[in-house]
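Each residue of the sequence shown is one higher than the one before, starting from 432 at the first, in my numbering.
Please read the structure below before turning to the comments.
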Amino acid sequence: MLLRKYMSLLGVGSALIDLILPKSHYHKGELIKGHFLIKGGTIEQRLRRIECDLMRIDHKTEKETVVDTVTILSSKVIHSEETNHLHFTFQLPETLTPSSQSISYRFKTRLVFNEGVESKDLDIIYVH
């Protein structure tokens, strides 16, 4: 048991997060509704927060910019092998530049624990 705890502190066997979206193409100003799927690891871990950033990537300059952030604070315990669903809503700004070969967007999600390595997820979306 002690070995599993130390392994999860290093990221091996820790809880995972996945942002589940109903589609990948959206219009400027559209309300995105999806959910976070959280899967428990080999031991229970106390969740501190979920951070989800909408990132704009300019491929010409290789610059990555945070457009907006959703943060969910929590003190929930994620039990071993447990699966949880948490609702996600995000309003896309009307001012977004449409996706192109030079501009792309993605959600960068992080599951942050009291102890251990944070879990990360990336989801590409296309804006029209």
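We treat Cβ as the ideally placed atom computed from N, Cα and C, and that holds for glycine.
Here the structure is a predicted model, which means the values were calculated and not measured.
Task: Integer-rounded CB distance, given that I509 should sit under 8 angstroms from Y536 - done: Contact between Y536 and I509 fails: their C-beta atoms lie close to 28 angstroms from each other, not under 8 angstroms.
- [ ] Leaving aside the five residues before and after H559 along the sequence, list all residues of the same chain whose C-beta is less than 6 angstroms from its C-beta, in chain order.
- [x] H458 and P529
Open item on the list: Which of the three DSSP states is assigned to E475 in this structure?
Closed with: coil
Open item on the list: In whole angstroms, give me the CA-to-CA distance for F521 and G465.
Closed with: Between the C-alpha atoms of F521 and G465 there is a straight-line separation of about 9 angstroms.
Task: Spatially closest choice to T473 from T514, E495, I451 and L452, by CA coordinates - done: T514
- [ ] Determine the burial state of I451: buried for a count of at least 16 other Cβ atoms within 10 Å of its Cβ, exposed for fewer.
- [x] exposed
- [ ] Could you tell me the distance, in whole angstroms, from the CA atom of L526 to the CA atom of E495?
- [x] Residue 526 is actually Thr in this sequence, not Leu. Those two C-alpha atoms are separated by around 17 angstroms.
Open item on the list: Which of the three DSSP states is assigned to G460 in this structure?
Closed with: The DSSP-derived three-state label of G460 is coil.
- [ ] Note down, in chain order, each residue of its chain lying with its Cβ closer than 6 angstroms to the Cβ of K507, except the 5 sequence neighbours on either side.
- [x] L478
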